[in-house]
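Undergrad: For reference, the structure I am asking about is given below.
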Amino acid sequence: MKAPLTIALIMTAAVGAYAADLPRPLTDGDYLWNGAPDPKLYGLGRSLFFDPVLSGNRNIACATCHDPARGTGDGVALSIGEGGTGFGPDRVTQDGVIGRVPRNAQPLYNIGARAYTSMFHDGRLELDRWGGFPSRLRSPASEQFPEGLDNTLTAQAMFPVLSAVEMAGQPGENPVADAVSRRDFKRAWGLLAERLSATPDYARQFIGAFDDIKEPDDIRFDHAARAIAAFETVAFRSDQSRFDARLAGWPMNAAEEAGLELFFGKAGCSSCHNGPLLTDHEFHAIAVPQIGPGKYQGVDGSYAAHTGHPHRVEDEGRFNVTSDAADLFGFRTPSLRNVALTGPWGHNGAFASLEDMVRHHLDTVASLASYVPNDLPPLETVIQPVRNRTGVSYQVLSPMQRGAYDLRDTWVHSSTPLRSRIASANMLAPVDLSEEEIASILVFLETLTDPTAVDRSHLVPPTVPSGLPPQPSPAK
Ligand code: HEC
Ligand code: HEC
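So for the sequence shown, numbering that gives the first Met the number 0 puts the first residue at 0; every next one is plus one.
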């Protein structure tokens with residue numbers, strides 16, 4: 000009868016070794032609006048999030064890429080934005096697109112947590128810690144950004160509508176896209192606000208949700224952004240996992256407990272993936288291979304020289320925001336909550352399996368060297384602008400142009416000098432784990448799945464005020 004007691008003692012001792020590093024449980028106070036914004040604001044935000052009316056050509060919604068039934072992403076490495084049709088891996092592009100979205104659609108679980116003070120894989124939108132921006136936010140819209148937005152989540156919702164490839168569309172196609180191409184962001188936001196003012200059901204909802212809106216013409220786009228943020232905060236909160244139960248004191252099974260111990264102990268994961276969201280909100284270079292067209296940022300001109308397409312194809316991550324060499328190829332540590340639901344993994348979806356993503360961490364440089372690029376969703380039709388005296392029109396790439404164009408997706412990875420820039424920026428030292436230990440960590444990562452997050456398609460409203468079909472299609 001002695002054995003169980005001994006085991007219990009050993010387990011208590013083991014828990015003691017890392018319990019100090021375990022985060023505290025999440026509470027309402029961790030979220031914007033203390034997790035409970037006015038239901039009118041939430042309801043309005045819900046309509047906006049699924050309504051294609053916010054896109055220049057009225058053909059894509061936020062939820063097209065952040066689908067509540069697909070881990071709040073779209074299930075592909077790199078999204079197909081404006082111009083595509085269909086959802087998730089079935090999205091197609093017969094109508095023609097300009098290109099791929101260069102990064103993986105980020106999951107939105109717990110994105111309403113106050114701990115997020117930067118947005119995007121590179122944190123290019125963030126609270127201004129330096130002073131100098133009247134809006135108190137440092138962002139790509141710099142001085143055009145409205146003042147008075149008090150959180151980065153609201154500020155973030157101002158941006159997808161300004162992206163030609165994500166939501167705005169191409170110049171010549173619609174006035175929002177034209178304004179964006181002139182970098183007149185205020186005009187683009189104004190045009191979208193006018194669409195909302197002109198929709199009676201929206202006008203009524205905005206007047207109900209905001210004290211400073213007395214008549215439809217008072218609606219500004221930042222009002223819409225605030226409502227979207229309120230919706231995201233409630234809709235994507237996710238703190239009902241087995242890991243949450245563990246933090247509240249309920250034991251997990253022995254295999255899960257072993258994985259947790261490794262994660263917070265010897266494997267070193269929690270040196271970056273820490274706190275209640277399992278992220279330090281900092282930027283680290285861990286040599287994730289590059290696939291896709293990049294952010295047009297790097298200094299290398301070899302692709303342009305080879306193909307004649309005037310693009311640079313590297314994605315230098317945080318460096319592009321700070322110009323600090325220490326930030327080259329750094330990306331924000333992702334939250335690991337619901338990580339089993341959010342593949343493909345990495346800032347560009349380079350890894351199609353969670354296990355490969357975890358194994359990459361164990362010897363990043365070797366993994367980069369042996370990496371075989373993952374399939375990207377096929378692009379049926381790629382178009383390019385042709386400028387003439389009357390304006391701009393769009394032409395399908397010729398087969399030769401198309402061949403050169405497609406090289407973008409693998410250009411960086413197939414170039415030894417470009418790959419070695421990624422390798423030399425790496426900051427993560429190899430970690431020695433046995434096969435059994437790797438398996439344990441994967442078991443632990445499954446405990447981060449909140450069963451209520453697996454399919455939240457009930458969030459998709461049956462109709463939206465614009466009268467357009469909501470995206471993605473509502474659950475039957
Ligand atoms: C075409 C696909 C697409 C559409 C449409 C889209 N997003 Fe995203 N979203 C992305 C991608 C890709 C990223 C990461 C971008 C980056 O890091 O450069 C992202 C990032 C985000 C983030 C930052 C998350 C974080 O962890 O920092 C939020 C919040 C977000 N999107 C909300 C929205 C909202 C709100 C809308 C609608 C107004 C929207 N998205 C429309 C693809 C999309
Ligand atoms: C040096 C900091 C650091 C350490 C230590 C670390 N990670 Fe990461 N992890 C990151 C960063 C940064 C990314 C994103 C990299 C990118 O996309 O370029 C990431 C990405 C991930 C992802 C993919 C998440 C997603 O949504 O795409 C998983 C899973 C993950 N890490 C698990 C682990 C595990 C398990 C360990 C321990 C074995 C670990 N990490 C150790 C920084 C770290």
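C-beta: ideal position from N, C-alpha, C; glycine also.
(1) Tell me the rounded alpha-carbon separation between S472 and D50.
(2) So, at 7 Å on beta carbons, what are the nonlocal neighbours of Y295 in its own chain, with the 5 sequence-adjacent residues on each side left out?
(3) Which value, in whole angstroms, describes the spacing of the CA atoms of G331 and Q105?
(4) Does the Cβ of M399 have 16 or more other Cβ atoms within 10 Å, making it buried, or fewer, making it exposed?
(5) Using 8 Å for Cβ pairs, my map puts G168 next to A176. What's the rounded Cβ distance?
(6) Out of A163, A365, D374, state which residue places its alpha-carbon closest to the alpha-carbon of P343.
(7) Return yes when the C-beta of E231 is under 8 Å from any heavy atom of ligand 1, and no when it is not.
(8) Pull up the DSSP beta-bridge partners for V96, would you.
(9) Looking at the unbroken beta strand (DSSP E) that takes in S369, where does it start and where does it end?
(10) Quickly, what does DSSP pair L124 with across the bridge? List them, please.
(11) Return the first residue and the last residue of the beta strand (DSSP E) that S392 is part of.
(12) Would you mind working out which of A178, R123, M166 sits nearest A154, comparing C-alpha positions?
(13) Short check: CB of G83 to CB of R90, under 9 Å?
(14) Please state whether the Cβ-Cβ distance between G258 and L444 is less than 9 Å.
(15) Going straight from the alpha carbon of P36 to that of Q204, what length do you get?
(16) Helix, strand or coil: which one does DSSP assign to D66?
(17) For I382, verify whether its CB is less than 8 Å away from any heavy atom of ligand 1.
(18) With a 10 Å radius around its C-beta and 16 neighbouring C-beta atoms as the bar for buried, classify W129 as buried or exposed.
(19) Just checking my contact of C271 with D279 at CB under 8 Å: how many whole Å lie between their CB atoms?
(20) My output table needs one value for V91: the three-state DSSP class, helix, strand or coil.
(21) With a threshold of 8 Å, establish whether the CB of K294 neighbours any heavy atom of ligand 1.
(22) For the putative contact between L152 and E281, defined by C-beta atoms under 8 Å, what is the C-beta separation to the nearest angstrom?
(23) Within the same chain, show all residues whose beta-carbon is closer than 6 Å to that of S138, passing over the 5 residues directly before and after it, in chain order.
(24) If you draw a straight line from the C-alpha of P159 to the C-alpha of L53, how long is it?
(25) Using only CA atoms, which one of L190, A187, E214, W188 lies nearest to D200?
(26) On a CA-only basis, which of N337, I206, E379, R420 is nearest D314? Give me that one, please.
(27) Helix, strand or coil, according to DSSP, for G466 in the structure here?
(28) Apart from the five residues just before and just after A266, which ones in its own chain have a Cβ nearer than 8 Å to its Cβ?
TA: In short, the structure shows the following:
(1) Start at 1 with the first residue of the sequence shown, and residue 472 comes out as number 473. Start at 1 with the first residue of the sequence shown, and residue 50 comes out as number 51. Their Cα atoms are separated by approximately 11 Å.
(2) For the purposes of this step, residue 295 is identified with residue 296 of the sequence shown, where counting begins at 1. Excluding sequence neighbours, Y295 sits near H310, R311.
(3) Residue mapping note: residue 331 aligns to position 332 of the sequence shown, counting from 1. Residue mapping note: residue 105 aligns to position 106 of the sequence shown, counting from 1. The question names Gly, but residue 331 is Arg in the sequence shown. Cα to Cα, the separation comes out at about 11 Å.
(4) The residue you call residue 399 lines up with position 400 of the sequence shown. Exposed: under 16 other Cβ atoms inside 10 Å.
(5) Reading the sequence shown from its first residue, position 169 is the one you call residue 168. Reading the sequence shown from its first residue, position 177 is the one you call residue 176. The Cβ separation is near 4 Å, so the contact holds.
(6) Position 344 of the sequence shown, counting from 1, holds the residue named residue 343. The shortest C-alpha separation from P343 is found at D374.
(7) The sequence position of residue 231 within the sequence shown is 232, counting from 1. The answer is yes for E231.
(8) Along the sequence shown, read from residue 1 onward, the residue named residue 96 stands at position 97. BP columns for V96 point to V381.
(9) As a working note, residue 369 is residue 370 in the sequence shown. Per DSSP, S369 belongs to no beta strand (DSSP E); it is in the alpha helix (DSSP H), 363-369.
(10) As a working note, residue 124 is residue 125 in the sequence shown. M118, per the DSSP bridge assignment.
(11) Stepping through the sequence shown from its first residue, residue 392 is reached at position 393. Start and end: 390-395.
(12) Taking the sequence shown and counting its residues from 1, the one referred to as residue 154 is at position 155. Nearest C-alpha to A154: R123.
(13) Counting from one through the sequence shown, the residue named residue 83 turns up at place 84. Counting from one through the sequence shown, the residue named residue 90 turns up at place 91. Taking 9 Å as the Cβ cut-off, G83 and R90 qualify as a contacting pair.
(14) For the purposes of this step, residue 258 is taken as residue 259 along the sequence shown, with counting starting at 1. For the purposes of this step, residue 444 is taken as residue 445 along the sequence shown, with counting starting at 1. Taking 9 Å as the Cβ cut-off, G258 and L444 qualify as a contacting pair.
(15) For the purposes of this step, residue 36 is taken as residue 37 along the sequence shown, with counting starting at 1. For the purposes of this step, residue 204 is taken as residue 205 along the sequence shown, with counting starting at 1. Approximately 15 Å, taken between the alpha carbons.
(16) What you label residue 66 is simply residue 67 of the sequence shown in a count that begins at 1. D66 falls in the strand class under three-state DSSP.
(17) Residue numbering aside, residue 382 sits at position 383 when the sequence shown is read from its first letter. I382 Cβ: outside cutoff for every heavy atom of ligand 1.
(18) Along the sequence shown, one-based indexing puts residue 129 at 130. Classification of W129: exposed, given that the 10 Å Cβ count is below 16.
(19) Position 272 of the sequence shown, counting from 1, holds the residue named residue 271. Position 280 of the sequence shown, counting from 1, holds the residue named residue 279. Indeed they touch by this definition, with Cβ atoms about 5 Å apart.
(20) Numbered from 1 along the sequence shown, position 92 holds the residue referred to as residue 91. Of the three classes helix, strand and coil, the one that applies to V91 here is strand, per DSSP.
(21) Taking the first residue of the sequence shown as 1, we reach residue 294 at position 295. Checking every heavy atom of ligand 1 against the Cβ of K294, one is found closer than 8 Å.
(22) Position 153 of the sequence shown, counting from 1, holds the residue named residue 152. Position 282 of the sequence shown, counting from 1, holds the residue named residue 281. At roughly 19 Å, the Cβ-Cβ gap does not stay under 8 Å, so L152 and E281 are not in contact.
(23) Counting from 1 along the sequence shown, the entry for residue 138 is found at position 139. The answer, listed in chain order, is L124, F144.
(24) The residue given as residue 159 occupies position 160 in the sequence shown. The residue given as residue 53 occupies position 54 in the sequence shown. About 9 Å.
(25) Sequence index remark: in the sequence shown, residue 200 carries index 201 (1-based). Of L190, A187, E214, W188, the residue nearest in Cα terms is E214.
(26) Residue 314 sits at position 315 when you count from the first residue of the sequence shown. Here the closest residue by C-alpha is R420.
(27) Position 467 of the sequence shown holds residue 466. Residue state, collapsed to three classes: coil.
(28) On the sequence shown, position 267 is the one that residue 266 refers to. Within the same chain, A266 has close Cβ partners V430, L432, E436, I440.
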